[in-house]
Structure formats: structure tokens, C-alpha cells
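Throughout the sequence shown, residue numbering follows full-length UniProt numbering, covering 1 to 582 in sequence. Glycine residues also receive a C-beta, built at the ideal position from the N, C-alpha and C atoms. Every value quoted in this text rests on a predicted model; they were computed, and no experiment measured them.
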Amino acid sequence: MLKSKGQTRRKASLWPALLAGLGVGVLAGVVAVVVMAPERLSSLWPGQKAGTVSEDCTAGTLTQVNFLTCWHLPVTATMAQQRWDAVTFAASLGDELVPFLRREPWPGIAPAAKTARVPVMMYHDILPEKQVFFDVTPQEFEAHLQLIQEQGLTPVSLDALVTHLRTGLPLPPKPILLTFDDGYAGHYEYVYPLLKKYNYPASFGIYTKAVGETAGRPKVTWAQLREMVQNPLITITSHSVTHPGDLRSLDDTALERELTESKEILERELGKPIYYFTYPVGYYDDRVKAATQKAGYLAALTMRNGEEFYAGQSGDLLTIERFGQSRLPNLLSTAWGGASLAAPLAGVDFRAEIGLQRTSVEGVDLVLVSGGRPITYHADSRYQVEEFLPKEPRATAVVDGGFFSLESLTSNIMIGPVYAQNTRQFIPGGNGDNPKLKGRPLVVITPKTVQFLPFDPLKHNTLAGIQAQVPGVTDLFVASAWLVKDGQPRDYASFENLFGFDAYRHRAFWGLNQSGQPMIGISTNRVDSVNLGRALAQAGFREAVMLDSGASAALAYQGKRYTEYEPRPTPHAVLLVPPATP
Numbered sequence: 001m002l003k004s005k006g007q008t009r010r011k012a013s014l015w016p017a018l019l020a021g022l023g024v025g026v027l028a029g030v031v032a033v034v035v036m037a038p039e040r041l042s043s044l045w046p047g048q049k050a051g052t053v054s055e056d057c058t059a060g061t062l063t064q065v066n067f068l069t070c071w072h073l074p075v076t077a078t079m080a081q082q083r084w085d086a087v088t089f090a091a092s093l094g095d096e097l098v099p100f101l102r103r104e105p106w107p108g109i110a111p112a113a114k115t116a117r118v119p120v121m122m123y124h125d126i127l128p129e130k131q132v133f134f135d136v137t138p139q140e141f142e143a144h145l146q147l148i149q150e151q152g153l154t155p156v157s158l159d160a161l162v163t164h165l166r167t168g169l170p171l172p173p174k175p176i177l178l179t180f181d182d183g184y185a186g187h188y189e190y191v192y193p194l195l196k197k198y199n200y201p202a203s204f205g206i207y208t209k210a211v212g213e214t215a216g217r218p219k220v221t222w223a224q225l226r227e228m229v230q231n232p233l234i235t236i237t238s239h240s241v242t243h244p245g246d247l248r249s250l251d252d253t254a255l256e257r258e259l260t261e262s263k264e265i266l267e268r269e270l271g272k273p274i275y276y277f278t279y280p281v282g283y284y285d286d287r288v289k290a291a292t293q294k295a296g297y298l299a300a301l302t303m304r305n306g307e308e309f310y311a312g313q314s315g316d317l318l319t320i321e322r323f324g325q326s327r328l329p330n331l332l333s334t335a336w337g338g339a340s341l342a343a344p345l346a347g348v349d350f351r352a353e354i355g356l357q358r359t360s361v362e363g364v365d366l367v368l369v370s371g372g373r374p375i376t377y378h379a380d381s382r383y384q385v386e387e388f389l390p391k392e393p394r395a396t397a398v399v400d401g402g403f404f405s406l407e408s409l410t411s412n413i414m415i416g417p418v419y420a421q422n423t424r425q426f427i428p429g430g431n432g433d434n435p436k437l438k439g440r441p442l443v444v445i446t447p448k449t450v451q452f453l454p455f456d457p458l459k460h461n462t463l464a465g466i467q468a469q470v471p472g473v474t475d476l477f478v479a480s481a482w483l484v485k486d487g488q489p490r491d492y493a494s495f496e497n498l499f500g501f502d503a504y505r506h507r508a509f510w511g512l513n514q515s516g517q518p519m520i521g522i523s524t525n526r527v528d529s530v531n532l533g534r535a536l537a538q539a540g541f542r543e544a545v546m547l548d549s550g551a552s553a554a555l556a557y558q559g560k561r562y563t564e565y566e567p568r569p570t571p572h573a574v575l576l577v578p579p580a581t582p
């Protein structure tokens, strides 16, 4: 039931002090949600002043919640799908402690958001007859919307995405953001009616000098933009004044004009604050980013001509990545909005869909697969990683596992104790190896949890001894070393006398991300253990342990192996199976 405007404003007035900003403090391993007053908004969004609850913040008129003017925390865009406001958010927390709200210094991206897979789609002109390859006809665009609908995706607003990236709060299970550049007339004539028809939000990048132009490719008019911006589905971003070919080539004065005047003109003409910028042609550098921040923007969209990335893989909020619209059919099945708010601190989440992402962090090139639930497989001989997938038909992804004896080419003898679901046979570690493994990570998996314990040869070389500490064990093995522990990368001293930890090699690893989901991965370039740990911590790992690496490092996803070399076959592997698998 919709409330009257007066009722809604009274409800909203209870929440500004609570939700103007959220800070998270960690004391003795417990996350405490710290409430900030409205005047502290600048700590969450530098340069922004606290205000009052907007007249627009009414349940009767909103289909999108604007977190900057209403102090609400938006997650989805439409009431018809799922709308989170302050009350919904507070009720959803209950007594759970959530690990998501670990804010990075602005404009950093929250660790939990780095593990989500949110495609931001980029469109240009929509017109009946294509003139260049990236034009889209109205019929093709509606087919995209139908595909989004049929595959169960939820288009979200730019506000919602930025909130997610800033705080780590989850989006819907399958989110997507639609963006349109350059303010073509077709955006009003074709796109806007279709967005209203499907009740989908989108953002439009406008460069002000072109508004109302009729020559060449006609552009939207100010009257049309004023109509569009009154609809909560629509977000306007600045796209500069003149759409220069490369902002990096401008001197400081010209650069400032493109950024500040476009913002001022849009705000004056539309009567709405403009919080976001879209880089013309996607070009930027550190100077352009600094000028963008100085001009008062909270986030900015970019684009690439080469490899493209999900929003969570962006460098920061001032360089949010996008995909060209032609990629849409291949991306829909991968979209995932992050872990549920129900995931407790230091807990696990085996409910997420499995998906792959490639990223580069601090010069370390990574292939990561997250989601599902983990199992291990101890084979009768040695196999390439992709050969484990037919052996375990439930599995979607696999990475090579623990260390093994090199005595013969077909030996499956492991170093340290091992217990796998496929054999249901506990094999103790050899007495000669076990003392050398003391303190290394003992990986223990149960149907509901994963634990990484310091290996104790006296306690952990029998199944009964391990089950006394962790009941319900289904899988276990000893890994090489911690790379990330409690969200922090390990330093050189922590590796003590581990052979080869400082050598530059291809590495394999697995663990849990900040949202508690299993994540496996490899580095596709050579890296030492310390720098790998630093990269994995930035990539969102809460815990990460090193697996057999060097020549053995290999990962396969959906039958494809992601190495450019022929890896050494292994007898042991860590696999991810879909969450619905019994």
C-alpha cells in the first residue's frame, strides 16, 4: 500500500542520521556498523554537503531511490522487481553481521564489490537504419530488453551501481546497467519509450554543445531532456561541453571548462544535480581524473577498445568499466550482484552462481572463478585439470590441488594427509613429510563451511583427530602457504623457509572472497608469493592459500583450460560445483 507524501516524509525523516553514511569498524573480529550524522556525508562522498530529505522521496512517486538526495541505500531500480529503501535495508540485517561494508578510501571500490559481476552496457545511436557498425535499430534494442527480461536480469540505476561499488552492498542476483552516450535524438524517440514500457532504468551521457542540434545526427532537445529527467528511471551524466576527441590533450584551462561548464549547464537547464561524468571516447589519465574529482563528480564511466571488464574490476569509481552493446548476449548468463546480506561475518556462502573473470591487479594477471561450493578430487593417477571435469560431472571449474610426490609420473601419493569426496578414504601423511608441514594451511571442507587451520602433525594425521575439531569433514588436504589471511596479504617473514616462495612462477591458489564465496584461480604471468598475496587481497580475497604451482599451475572452466603452456598433470584438484547440486 502506498503512503501519502506526508507519511513517507515522516518515515524518511527518521533515517537521514542513520543512513547518511555507514562506517564499519572491526574490533576483536566483530564488525560494528557505525552510524554517522548527515554532516559526516563527506566521509562517504568527498566534496558533497549534507542536505535535507528531498520532496521527491515518496513511495508514491519513486520507482528508483536516489541515495544522494534521499539518504536511502538503493539496490534495485524498480518497485516491480525489488526496491530496497532504508527500512527494508535495516530489517534485512536483523542480527546478522555483514562483511560487505568495508569501505575503501574514496574513490576505491569495496572488496565485496570486486567479487560481483555487474556488466555495464554502452550504447550510442539508436536509429531505423544503421550508419556505422555500433549503431542499433529500435527493433534490435527491444530484442536486447526482451533478452534481459527472459533471462531474469534486473537493470539497475547508476546510483545503485555506485552505492554497490562504494559499500559492497549486494545488488540483485543478476544485475545489469544500461548506458547511452552522446544524447542522440533516437534516445528520446526510441529508447525512452521502451525503457518506460519495460520499467528499466538507464543513464544518458550528454555533451551540452550538441543539445538541440539538427544537422548530421540529430540530438535531443532541452525540452526532451527536461521531460526525461523527471522520470526516476533516468539518470543524466555529463559528457563534457564539446566532446573532445581526447581530454588528455587539453590544457588545464580547457579541461576544467569541459568538466565544470557541462555540469553547470546541465544542472541549470534540468534543475537536477549531476553527480557523474562519462569520459568522451573513454580517454583519461591521472590529471584528467584529478580534474574530474575537483569538478565535483562522484564517479565516472569509461570505455575500452580492447579487453573489457565488469564494473567491480574497475580501477576505482572514477574509471567504471563498460562493455560494448554487442557483447550483451554473451554476458547475461554471467551477471551476479554479490553475496546476500544474510552471509555472516567470517562465514561462507555456497549459494552464488559460478562465474569466471579475468583481471589484472598490481601487474599480476589473474584468472578467477568464484561461486558454487568446493569439493576435492583425489585421482588414481595424474591428469590435466580439464580431465577432472568429466570425472566429476557436477563440476563447472577446477584448479590443480595439493602437493604430491614426484617419485613416478603416475603416482597419486600426496604430501600430507588427504581426504576427498570421490574416494571417501582418509590417507595419512608420511611421517617423514608431516613434521615439515607443521603450521601450513590444513584445508578442511564440510557441507556448510571451509576452514583453514594451522596443520598440527600430532592432531591432524587421523580423520578422527580432525573431526574432533571440525565435525562433518568431507574433504581435506594440506596447502603450501597462506597468501591472504583475514583479508591481509602475508609478508616475507611469514613464509619462513618455504622453498621457492620468492621465485617468479605461475601460481595456483584458492580460498574465500570477502563475501564468503569459494574462489579458485591462477596467475597467468610469473609472480612471487608475496606480491601474489597483495594482488589477491586487493582482488577481494578474505582467505587464500597457495596450491601446487609452477609447472602444475592450471585452471579449467566449462571444459576450457586457461593456460598458454602444457601444465604438468596432477593427481589432486579443487573443483567448484553449482550451488543447487545436492
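Span separating the alpha-carbon of D456 from that of H164: In the sequence shown, residue 456 corresponds to position 456, counting from 1. In the sequence shown, residue 164 corresponds to position 164, counting from 1. If you take the alpha carbons of D456 and H164, they lie about 41 angstroms apart.
Nearest to P128 (by Cα), restricted to the options A116, E142, L536 and V120: Residue numbering aside, residue 128 sits at position 128 when the sequence shown is read from its first letter. It is E142 whose Cα lies nearest to the Cα of P128.
Distance, L547 Cα to W222 Cα: Residue 222 sits at position 222 when you count from the first residue of the sequence shown. Residue 547 sits at position 547 when you count from the first residue of the sequence shown. Spanning the two alpha carbons is a distance of roughly 59 angstroms.
Residue nearest to A493 in terms of C-alpha spacing, selected from V530, S523 and A508: By 1-based counting over the sequence shown, the position of residue 493 is 493. The residue with the shortest Cα to Cα distance from A493 is V530.
A556 classed as buried or exposed, judged by whether at least 16 other C-beta atoms fall within 10 angstroms: One-based indexing of the sequence shown puts residue 556 at position 556. So A556 counts as buried.
Runs of beta strand (DSSP E) wholly within the region 279-339 (minimum 3 residues, chain order): 299-301
Beta strand (DSSP E) runs contained entirely in the region 443-479, provided each spans 3 or more residues: 450-454 and 475-478
Local Cβ density within 10 Å of A464, reported as buried at 16 or more and exposed below that: Within the sequence shown, the letter at position 464 stands for residue 464. In the assembly as shown, A464 is an exposed residue. Its beta-carbon has fewer than 16 other beta-carbons within 10 Å.
Whole-number beta carbon distance between F277 and T260, since they are thought to touch under 8 angstroms: The residue labelled residue 260 in the question sits at position 260 within the sequence shown. The residue labelled residue 277 in the question sits at position 277 within the sequence shown. With 8 angstroms as the limit, T260 and F277 do not qualify as a contact, their Cβ atoms being about 11 angstroms apart.
Close beta carbons around D365, own chain, < 7 angstroms, minus the five adjacent residues each side: Within the sequence shown, the letter at position 365 stands for residue 365. Non-local C-beta neighbours of D365 in its own chain, meaning closer than 7 angstroms and more than five positions away in sequence, comprise S523, T524 and N525, ordered along the chain.
Three-state secondary structure assigned by DSSP to F495: Here residue 495 refers to the residue found at position 495 of the sequence shown. Three-state DSSP puts F495 in a helix.
Of the residues Q146, L332 and Q425, the one placed nearest M121, counting alpha carbons only: On the sequence shown, position 121 is the one that residue 121 refers to. Ranking Q146, L332 and Q425 by Cα distance to M121 puts L332 first.
Supposed contact pair V443 and V470 - C-beta distance, whole angstroms, cut 8 angstroms: If you number the sequence shown from 1, residue 470 lands on position 470. If you number the sequence shown from 1, residue 443 lands on position 443. That belief does not hold up - the Cβ atoms of V470 and V443 are roughly 11 angstroms apart, past 8 angstroms.
Assigned secondary structure, Y565 (DSSP; H/G/I helix, E/B strand, else coil): As a first step, residue 565 must be located in the sequence shown, where it is residue number 565. Residue state, collapsed to three classes: coil.
Boundaries (first-last residue) of the alpha helix (DSSP H) holding T253: Within the sequence shown, the letter at position 253 stands for residue 253. Note, T253: alpha helix (DSSP H), D252 to L270.
Buried versus exposed call for S326 [16 or more other C-beta atoms within 10 Å across all chains shown]: On the sequence shown, position 326 is the one that residue 326 refers to. In summary, S326 is exposed, with fewer than 16 beta-carbon neighbours lying within 10 Å of its beta-carbon over all protein chains present.
Cα-Cα separation, F204 to G533: Working through the sequence shown from its first residue, we reach residue 204 at position 204. Working through the sequence shown from its first residue, we reach residue 533 at position 533. Cα to Cα, the separation comes out at about 39 angstroms.
Exposure label - V400; buried when at least 16 CB within 10 Å: As a working note, residue 400 is residue 400 in the sequence shown. Before going on, a small fix: residue 400 reads as Asp here, not Val. By the neighbour-count rule (16 or more Cβ atoms within 10 Å), D400 is buried.
Buried/exposed call for E353, threshold 16 Cβ in 10 Å: Sequence index remark: in the sequence shown, residue 353 carries index 353 (1-based). Buried, because 16 or more other Cβ atoms sit within 10 Å of the Cβ of E353.
Contact between the region 407-421 and the region 309-317 (3+ Cβ pairs under 8 angstroms): The region 407-421 vs the region 309-317: no contact.
Y275 and L247 closer than 8 angstroms at C-beta: The sequence position of residue 275 within the sequence shown is 275, counting from 1. The sequence position of residue 247 within the sequence shown is 247, counting from 1. Cβ distance not < 8 angstroms, so Y275 and L247 don't count as in contact.
Whole-angstrom distance between W336 and A481, CA atom to CA atom: Translated into positions along the sequence shown, residue 481 becomes position 481. Translated into positions along the sequence shown, residue 336 becomes position 336. Roughly 30 angstroms separates the two Cα atoms.
Touch test, the region 193-210 against the region 221-240, Cβ-Cβ under 8 angstroms, three pairs minimum: yes
CA-to-CA distance, T376 to Q421, given in whole angstroms: Within the sequence shown, residue 421 is the residue found at index 421, counting from 1. Within the sequence shown, residue 376 is the residue found at index 376, counting from 1. Near 6 angstroms, if we compare the C-alpha coordinates of T376 and Q421.
Outcome for residue 589 when other beta-carbon atoms lying within 10 angstroms are tallied against a minimum of 16: Lying outside 1 to 582, the shown extent of the chain, residue 589 is not represented and no answer is given.
Cβ contact (3+ pairs, closer than 8 angstroms) linking the region 110-126 and the region 174-189: A contact exists between the region 110-126 and the region 174-189.
Whole-angstrom C-beta distance between G511 and A544, which should lie under 8 angstroms: By one-based count along the sequence shown, residue 544 stands at place 544. By one-based count along the sequence shown, residue 511 stands at place 511. Yes, A544 and G511 are in contact; Cβ-Cβ is about 4 angstroms, under 8 angstroms.
With 16 other Cβ atoms within 10 Å as the buried cut-off, status of G472: For this step, residue 472 is matched to residue 472 along the sequence shown. Around the CB of G472, fewer than 16 other CB atoms lie within 10 Å, so the residue is classed as exposed.
Exposure of K436, with buried meaning 16 or more beta-carbon neighbours within 10 Å: Taking the sequence shown and counting its residues from 1, the one referred to as residue 436 is at position 436. By the neighbour-count rule (16 or more Cβ atoms within 10 Å), K436 is not buried but exposed.
Whole-angstrom distance between F426 and V577, CA atom to CA atom: Numbered from its first residue, the sequence shown carries residue 577 at position 577. Numbered from its first residue, the sequence shown carries residue 426 at position 426. Rounded to the nearest whole angstrom, the C-alpha separation of V577 and F426 is 22 angstroms.
Length of the line joining the Cα atoms of V348 and Q357: The residue you call residue 348 lines up with position 348 of the sequence shown. The residue you call residue 357 lines up with position 357 of the sequence shown. Take the alpha-carbon of V348 and the one of Q357: they are about 20 angstroms apart.
DSSP state of Q517 mapped onto helix, strand, coil: Position 517 of the sequence shown, counted from the first residue, corresponds to residue 517. Residue state, collapsed to three classes: coil.
Cutoff 7 angstroms; reference T61; Cβ partners in own chain excluding five residues on either side: Counted from its first residue, the sequence shown places residue 61 at position 61. Low confidence applies here, because T61 scores a pLDDT of 29, under 50, leaving its location unreliable; read the following figure in that light. Cβ neighbours of T61 beyond the five flanking positions: none.
Check: S203 C-beta below 7 angstroms from any heavy atom of the ligand GTP: In the structure on display, the ligand GTP does not appear, and there are no ligands present to speak of.
Residue interval of the alpha helix (DSSP H) (run including R226): In the sequence shown, the residue the question calls residue 226 occupies position 226. Unbroken alpha helix (DSSP H) run through R226: W222 to V229.
CA-to-CA distance, R351 to I214, given in whole angstroms: Here residue 214 corresponds to residue number 214 of the sequence shown, with the count starting at 1. Here residue 351 corresponds to residue number 351 of the sequence shown, with the count starting at 1. With the sequence shown as reference, residue 214 is identified as Thr, and Ile is not the correct amino acid for it. Taking the straight line joining both Cα atoms gives about 52 angstroms.
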